Structure formats: structure tokens, C-alpha cells
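For reference, the structure is listed below as C-alpha cells.
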Amino acid sequence: MIEQFHLQLPSHTDFLDLIRDFISKLSDYAGFGEEDVYKISLAVDEACTNVIRHAYNEEDAQRIDMDVEIQAEQFIVIVSDSGRGFDPDKIGEPDLQDYIIRHKVGGFGLYLMKTLMDTVEFSIEPGVRNAVRMVKSLKKDLNP
Amino acid sequence: VEMLAQKEKQFELKIPNQTDNLDLIRDFVGKVSGKVGFTEDDIDKIRIAVDEACTNVIKHAYEQEGEDHIGIIIKIDYSKLTIVVTDRGKGFNPKSLELPDMETYLAELRVGGLGIYLMKTLMDEVNYTIKPGVGNEVRMVKYLVKNGDPTIEK
Chain A
11 MIEQFHLQLP
21 SHTDFLDLIR
31 DFISKLSDYA
41 GFGEEDVYKI
51 SLAVDEACTN
61 VIRHAYNEED
71 AQRIDMDVEI
81 QAEQFIVIVS
91 DSGRGFDPDK
101 IGEPDLQDYI
111 IRHKVGGFGL
121 YLMKTLMDTV
131 EFSIEPGVRN
141 AVRMVKSLKK
151 DLNP
Chain B
7 VEMLAQKEKQ
17 FELKIPNQTD
27 NLDLIRDFVG
37 KVSGKVGFTE
47 DDIDKIRIAV
57 DEACTNVIKH
67 AYEQEGEDHI
77 GIIIKIDYSK
87 LTIVVTDRGK
97 GFNPKSLELP
107 DMETYLAELR
117 VGGLGIYLMK
127 TLMDEVNYTI
137 KPGVGNEVRM
147 VKYLVKNGDP
157 TIEK
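Chains as they are written, first to last, in the working numbering: chain A, 11 to 154; chain B, 7 to 160.
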């Protein structure tokens, strides 16, 4: 059975803990182990932080939408916004050395999300709907 | 809390109508209430009232668990928290549950009468809009009464 959940909340970092809690509970419910629950929550937190900081430029009157779909073998999270969007192809692999030295030059969030999840895809329509779709497979044999 | 006091904020949650998900709802509502500045006691009351409203939807509005969704909208501003629980199930007549007649009341207990009584005790306002199969909603309000602030009345 496919189960669908939706959450919409104000774009403000004050509410990131609500998002992490929501995602942790759902991924735990889906059957992921503690480590994967943490990875998924972190990836979603990162996606939402990007929306708050970059898509909406810290304007807290905006909304973030989150759709979660729990399937038999997959956990899918789509984080969407109607902010200014970006070109994912122009954000390459981050230079980790540069990242450490200059502290936060961008690009690290996407790299992190891709490392934590199995697939990360973007669909960008600036001002209309920008979405990041992240998928994590449930490896049942590892989670008895 | 300071930031929240400035203007109205809205949260929406839509989840399958399953008892398994009540925990998720209670937690979410409790956390949002905590951010507005409600006391632990009031947070508990709000959580129980919302749990009750959602249990009614799961048990009575829909035929079976997981067939549809429960919607929860939370609005917060400087003085109050408003929670609207919605469903697209069969609905009921709230008037029939307000009759003082004990026999009727007890008969209605089985279809959620106690839950409604409980919700009214826990929250400051409880109102219904019933449109069977289209959209039913229970709207509950809890005022944020600040210590020593006479300008906010219940």
C-alpha cells in the first residue's frame, strides 16, 4: 500500500526541528534503521534550509511544502517552494578544501543530499514551483 | 516566540486516516503549541483535543482506515491558536450531540459524543461545519492567556 503525507509550513529556520521530527517519525515508521532515519532527516533538513535561505532569501512569509510517499520498497520526499529557483547543473561538486577554508560557499548542501539519499532530482520553474525529489530505498534484508 | 508574536503563521498537515498516525499528529501539534508559548498543561489539553477530533474522523467519518486523509490546519498569532481538523467522510449532526437529554447523549456516546464533550472542555471554542462527503471540519481555538495581561480575555 502506498501512503501519502503532506506538510506545509512557514519558511523559517525556527521550524526545521518540526520537519526533522516529522521525517524521522515517518522514516522510522516506514522501517528504516536508526542510521538511515538520521540520514533522511538530515537530507530533508538541508533541502528545507536551502529553500529558506536561497529560494525565499529568508522571507518568512513564504511556505515550504513537503510530500512524503511511503511505498513498499521506497521512501520518497519532495520538498517544494515557489521561490526563485536555481540551475542545479551550475552547482558542481564542491571543493571541500575551499569549503573548509572559506566556510559556506554553497554547493555543499546538494553534495550532502546526494550522499545521504539514493537519488536526488530537481525540477525548477522559478516563481512557480521548484522541487527536489529525494528517494531512499528500503533494503528489507538489512532491516529485519 | 518573539518572532511568532509578530504575525499569523500557518501549518498544514495531511495524513492517511490511520490510528498509527495519531502519534505523529499529537507530536506535531504539541511542538507547534510549544513554540507559541503555551504552558505544558495547555499543550497537553490541545494535544488531547486534537487527538480526540482525529480519532472521531478515523472511527466515524470514514468506513475504513487508510481509505482517505485527515487534514489539519494550525494557525497561530499573538493571542491564540486555531486548529481545524478536516475530512471528506460522512459527517454527523453536531446538534444531536448537544441535547441535554441523557438518554440521547448516552446513545450518541458511541458515535463520538464523549469526544466532543471532551474537546469543548479542553479548548476555548469548538465549532463544526458539516458537509457529508464534501468536507467536514471541526474548528478549535485556544487563547494564549499571558500572566497578568488583562487585555486578553477568554
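Note that the Cβ used here is the ideal one computed from N, Cα and C, for glycine as well.
All values derive from a computational prediction rather than experimental measurement.
Check                                                                                                                                                                   : Outcome
Pick helix, strand or coil for L105(B), following the three-state DSSP scheme.                                                                                          : Caution is warranted here: a pLDDT of 49 is assigned to L105(B), below 50, making its placement in the model unreliable, and the coordinate value is therefore given only provisionally. Note: L105(B) maps to coil in three-state DSSP.
With DSSP as the reference, label M144(A) as helix, strand or coil.                                                                                                     : strand
Between A65(A) and R94(A), what straight-line distance do the alpha-carbon atoms span, to the nearest angstrom?                                                         : 5 Å
For the putative contact between E73(B) and N23(B), defined by C-beta atoms under 8 Å, what is the C-beta separation to the nearest angstrom?                           : 7 Å
Return the CA-CA distance between Q16(B) and E44(A), expressed in angstroms with no decimal places.                                                                     : 31 Å
Could you confirm whether any beta carbon from chain B is found closer than 9 Å to the beta carbon of A71(A)?                                                           : yes
How far does the alpha helix (DSSP H) with T92(B) in it extend, from its first residue to its last?                                                                     : No alpha helix (DSSP H) contains T92(B), which is instead part of the beta strand (DSSP E) from K86 to D93.
Would you kindly check if the distance between the Cβ of R30(A) and the Cβ of S90(A) is under 9 Å?                                                                      : no
What do you get for A71(A), buried or exposed, if any count of 16 or more other CB atoms within 10 angstroms of its CB means buried?                                    : exposed
Can you check which of these residues, E71(B), S85(B), I78(B) and V147(B), is closest to M11(A) by C-alpha distance?                                                    : E71(B)
For E46(B), count the other beta carbons within 10 Å of its own beta carbon; 16 or more makes it buried, fewer makes it exposed. Which is it?                           : exposed
Please list the residues of the stretch 66-93 of chain A that have a C-beta atom closer than 7 Å to any C-beta atom in chain B, keeping them in chain order.            : none
Figure out for me which residue from M76(A), L148(A), I101(A) and G41(A) has the closest Cα to the Cα of D55(A).                                                        : M76(A)
Have a look at K146(A), A141(A) and S147(A) and flag the residue whose alpha-carbon is nearest the alpha-carbon of V61(A).                                              : A141(A)
So is Y48(A) in contact with chain B if we call contact Cβ pairs under 9 Å?                                                                                             : no
What residue range is occupied by the uninterrupted beta strand (DSSP E) comprising E69(A)?                                                                             : Where E69(A) is concerned, there is no enclosing beta strand (DSSP E), given that its DSSP letter is neither H nor E.
Measure from the alpha carbon of L124(B) to the alpha carbon of each residue in S39(B), T25(B), I54(B) and K13(B), then state which is nearest.                         : I54(B)
Listing by chain order, which chain A residues have their CB less than 9 Å from the CB of L124(B)?                                                                      : Those within 9 Å of L124(B) in chain A number zero; the least Cβ separation is about 25 Å.
If we define contact as Cβ-Cβ less than 9 Å, is D83(B) a contact residue for chain A?                                                                                   : no
Identify each residue in the stretch 11-31 of chain A for which the Cβ-Cβ distance to at least one residue of chain B is less than 9 Å, and report them in chain order. : M11, E13, Q14, F15, H16, L17, Q18, L19, P20, H22, D24, F25, D27, L28 and D31
What residues in its chain sit with their C-beta under 6 Å from that of K49(A), if we drop five residues either side in the sequence?                                   : L126
With 16 other CB atoms within 10 Å as the buried threshold, where does P156(B) fall?                                                                                    : Only weak support exists for where P156(B) lies, its pLDDT of 45 falling under 50; the value from the coordinates is given anyway. Burial call: exposed.
How many Å lie between V115(A) and K100(A) at the Cα?                                                                                                                   : With a pLDDT of only 47 at V115(A), under 50, the local geometry of the prediction cannot be trusted, and the value read off the model is given with reservation. So the alpha carbons of these two residues sit roughly 14 Å apart.
Is L30(B) close to chain A, meaning its C-beta is less than 9 Å from at least one C-beta of that chain?                                                                 : yes
At least one CB of chain A closer than 9 Å to the CB of L19(B): is that the case?                                                                                       : yes
If you reduce the DSSP assignment to three classes, tell me which class V140(B) lands in.                                                                               : coil
Using a Cβ-Cβ distance cut-off of 9 Å, determine whether G72(B) contacts chain A.                                                                                       : yes
Specify, as a first and last residue, the run of the alpha helix (DSSP H) that F34(B) falls within.                                                                     : L28 to V42
Below 8 Å on the Cβ atoms is my contact criterion, and I expect V56(B) with I82(B) to pass it. Report the Cβ-Cβ distance as a whole number of Å.                        : With a Cβ gap of about 14 Å, V56(B) and I82(B) do not count as contacting.
Who are the Cβ neighbours of R73(A) in its own chain at under 6 Å, not counting the five residues just before and after it?                                             : Q18
Nearest by alpha-carbon distance to A59(B): which of V35(B), S39(B) and V151(B) is it?                                                                                  : V35(B)
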